[in-house]
Amino acid sequence: MGAEKAMFLTVEGAEGVGKSTHIETIKNFLDSRDIPHILTREPGGTPVAERIRELLLAVDEDETLCELSELLLVFAARAQHLERVVKPALAQGKWVICDRFTDATYAYQGGGRGLDVAIIASLESLVQGELKPDLTIILDLDPRIGIQRASERGELDRFEREQIEFFDKVRQRYLDIAAADPQRCAVIDAGNDLATVSSELRKILRSRVARHV
Ligand code: Z5A
1 MGAEKAMFLT
11 VEGAEGVGKS
21 THIETIKNFL
31 DSRDIPHILT
41 REPGGTPVAE
51 RIRELLLAVD
61 EDETLCELSE
71 LLLVFAARAQ
81 HLERVVKPAL
91 AQGKWVICDR
101 FTDATYAYQG
111 GGRGLDVAII
121 ASLESLVQGE
131 LKPDLTIILD
141 LDPRIGIQRA
151 SERGELDRFE
161 REQIEFFDKV
171 RQRYLDIAAA
181 DPQRCAVIDA
191 GNDLATVSSE
201 LRKILRSRVA
211 RHV
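The opening residue of the sequence shown carries number 1 in the numbering used here; numbering runs sequentially from there.
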């Protein structure tokens, strides 16, 4: 393995776009090149951060989570995940593939909930410093299809119960992020069949990742 620098790859998108499915494609790509890597996710990735995830996803009829609490919990989980998992892995030369990261905060808490981007940016700077993903794959899909896919899996979590307008805003914010940072972000049409999406993803990996190995 001749990696100069371990890469930090993130996969993003709104509800049911196929992140888990296509992270497997990335894993196979790295395995085929003997690139050491870990798979992780946000919110979560450590025992403490997974407990925060449970709080974030739980439907609690007695007390709704206020928007600022939600934002702070997301970043609390991220701080723990970065210190305990992401930074140590990168320091050991292991690539990190993360199912969602801070773009999700801009999309869900910023776009969906309407929280001020400046507040998110200041927390991002506090928690991450200069650390950003090297490559972000954004799977883009009409939320109506994504929700349909998710609802076929069973009971819906707290986010999945949001109205379609919420997911339209999330999707749009992801597209805005990609347009503002095309060097880092690649958008894939996740409305195509699985084979087409995987093939497009491999093409992106060959062009953007191969030069690092
Ligand atoms: N959240 C937040 O608010 N702020 C933050 O900063 C962060 C997160 C980091 C949990 O995330 C929630 O946290 C998330 C936002 C919030 N809530 N929502 N919504 P999550 O990643 O666990 O939640 P999720 O979006 O529901 O992910 P998921 O359930 O893992 O879905 P997915 O990984 O994108 O999809 P999948 O499981 O790979 O695929 C879904 C189904 O569709 C499955 O049956 C596949 O076989 C099928 N599929 C996938 N692709 C295709 C294609 N191309 N054609 C046909 N069928 C397909």
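The C-beta atom is built at its ideal place from N, Cα and C for all residues, glycine as well.
C-alpha of Arg113 to C-alpha of Ser122: approximately 17 angstroms in a straight line. Taking non-hydrogen atoms of the ligand Z5A into account, the C-beta of Ser69 is found less than 7 angstroms away from none of them. Runs of the beta strand (DSSP E) lying entirely within the stretch 84-133, each at least 3 residues long, are 95-99 in chain order. Counting along the chain, the unbroken alpha helix (DSSP H) around Ala179 starts and ends at Ile164 to Ala180. Judged by DSSP secondary structure, Val11 falls within the beta strand (DSSP E) whose first and last residues are Phe8 to Glu12. Counting every other CB atom within 10 Å of its CB across the protein chains shown gives Val17 a total of 16 or more, marking it as buried. Spatial neighbours of Asp168 in its own chain (CB-CB distance under 8 angstroms, excluding positions within 5 residues in sequence) are listed in chain order as Pro143. Contact between Gly45 and His81 holds: their C-beta atoms lie close to 4 angstroms from each other, under 8 angstroms. The criterion of a C-beta distance shorter than 8 angstroms is not satisfied by Phe8 and Pro182.
By the C-beta density criterion, Lys5 is exposed, having fewer than 16 other C-beta atoms within 10 angstroms. With a threshold of 7 angstroms, the Cβ atom of Ala150 counts as near the ligand Z5A, since some heavy atom of the ligand is closer than that. In this structure, DSSP gives Val59 a state outside helix and strand, which the three-state scheme calls coil.
Set against 7 angstroms, the gap from the CB of Asp193 to the closest heavy atom of the ligand Z5A is smaller. When distances are taken from the beta-carbon of Asp140 to the heavy atoms of the ligand Z5A, even the shortest one reaches 7 angstroms or more.
The straight-line gap separating the alpha-carbon atoms of Arg51 and Leu135 is approximately 27 angstroms. Straight through space, the alpha carbons of Ala186 and Ser199 are spaced by roughly 14 angstroms.
Burial state of Pro43 is buried, judged by a 10 Å Cβ sphere holding 16 or more other Cβ atoms. Rounded to the nearest whole angstrom, the C-alpha separation of Gly191 and Glu83 is 35 angstroms.
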